[in-house]
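K.L.:
I am attaching a structure below and will ask some questions about it afterwards.
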Amino acid sequence: MIVAGFGFRKSADVSSLRSALALYDVAPDLITTAAAKAGDKPFTDLARVLGVPIDAVSPERLTAQPVLTCSDASQKTYGTGSVAEAAALAAAGPGARLLGPRMISPDTLATCAIAIGDPI
């Protein structure tokens, strides 16, 4: 299973998320983010455009994941250095691995990380 995890600012739109995902050139089976952001319009629009389900990751699942990068803002707000990386790992299941550190959209409003694994 290919899982795309996202972090994004309030000013992001669906094109911000799509451009972050496009940096990987993969087709995810599922998209995921922090539960607090999973209902935001850009994120739900992306799921609709891609035709994939959403996994809203709880704070407990986010903070349990080891991440490769560390944003001070993300750490302060969500308890993890990267929402995108932590969400991708949590949704991909035990033993999941990241393809690499999260990528930042060209407009700097969204991040995306890809994890490979089995769904929980």
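Residue numbers (the UniProt record's numbering): 1 to 120.
Virtual Cβ for every residue (Gly too), placed ideally from N, Cα, C.
1) Check each candidate in Gly51, Val49, Pro101, Ala35 and name the one with the smallest Cα separation from Pro91.
2) On the DSSP bridge assignment, give the partners of Leu30 in chain order.
3) DSSP puts Cys112 in a beta bridge; with which residues?
4) With Asp25 as the anchor, note down where its alpha helix (DSSP H) starts and where it stops.
5) Taking 7 Å as the cut-off, is the CB of Gly100 close to at least one heavy atom of the ligand SAH?
6) From what residue to what residue does the alpha helix (DSSP H) around Ala47 run?
7) Taking the alpha-carbon positions, what's the Gln75 to Gly51 distance?
8) By the 10 Å Cβ neighbour count, where 16 or more other Cβ atoms means buried, how is Lys41 classified, buried or exposed?
9) Rank Val83, Leu98, Ala115 by C-alpha distance to the C-alpha of Val57 and give the top, closest one.
10) State buried or exposed for Ser11, treating a residue as buried only when at least 16 other CB atoms are found within 10 Å of its CB.
P.N.:
Taking the structure as given:
1) Reading off the sequence, residue 91 comes out as Ala, not Pro. If we check each option's Cα against that of Ala91, Ala35 comes out closest.
2) Paired residues: Val3.
3) Paired residue(s): Phe6, Met103.
4) First-last for Asp25: undefined, no H or E at that position.
5) Among the components modelled here there is no ligand, and therefore nothing to report on the ligand SAH.
6) 41-50 is the extent of the alpha helix (DSSP H) around Ala47.
7) Gly51 has its alpha-carbon roughly 30 Å from the corresponding atom of Gln75.
8) Lys41 comes out exposed.
9) If we check each option's Cα against that of Val57, Val83 comes out closest.
10) Classification for Ser11: exposed.
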